[in-house]
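With mature numbering (1 follows the signal peptide of the UniProt record, and there is no 0) applied, the sequence shown corresponds to residues -23 to -1, 1 to 79, in that order. Backbone N, C-alpha and C fix where the C-beta goes; we use that ideal spot for every residue, glycine too.
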Amino acid sequence: MTPTLTFSLILALLLTAAMPAAARGNRDQDHLREAAAQGQVIPLNRLIADVRSRAPYSEMEYLGGPQFDAGRMIYALKFMDGSQVVVVFVDARTGRIVGRKP
């Protein structure tokens, strides 16, 4: 087998393996949009503002880049507390903080 053909086959396999993860990300976004349109989730900007208004998060810097878990309807919001990153888990339906790491 020529090196070019081998490389092409390996590249095709890698791209095929990555597709399910990309498709899952799109499904999560679609699910979130649908839930927001139906009023099932609180708008992200309102959730962020609410968490930022609470102690101790009001003293921390919000880092952006929220992540959404469509299966659990949970947002992960990242804050900087001094030199440590703090991830706050917020229920997208109620706005309740359901966890924190660390």
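How is the alpha helix (DSSP H) around residue i delimited, first residue to last?
i     : result
Ser25 : The question names Ser, but residue 25 is Ile in the sequence shown. First-last of the alpha helix (DSSP H) with Ile25: Leu21 to Arg29.
Can you tell me whether DSSP reads residue i as helix, strand or coil?
i     : result
Ala32 : coil
Ala53 : strand
Arg77 : strand
Could you pull the start and end residues of the beta strand (DSSP E) that residue i belongs to?
i     : result
Gln40 : Correcting the residue type first, residue 40 is Leu in the shown sequence and not Gln. From DSSP, Leu40 is part of no beta strand (DSSP E); its letter is neither H nor E.
Asp67 : At residue 67 the sequence reads Val, which differs from the Asp that was named. Where Val67 is concerned, the enclosing beta strand (DSSP E) stretches over Gln61 to Asp68.
Pull up the distance between the alpha-carbon of residue i and that of residue j, whole angstroms please.
i     : j     : result
Pro79 : Val63 : 6 Å
Leu54 : Gly48 : 17 Å
Asp58 : Val65 : 12 Å
Ala69 : Gly16 : 11 Å
Buried or exposed for residue i, please, with buried defined as at least 16 other CB atoms from any protein chain shown within 10 angstroms of its CB.
i     : result
Leu40 : exposed
Thr71 : exposed
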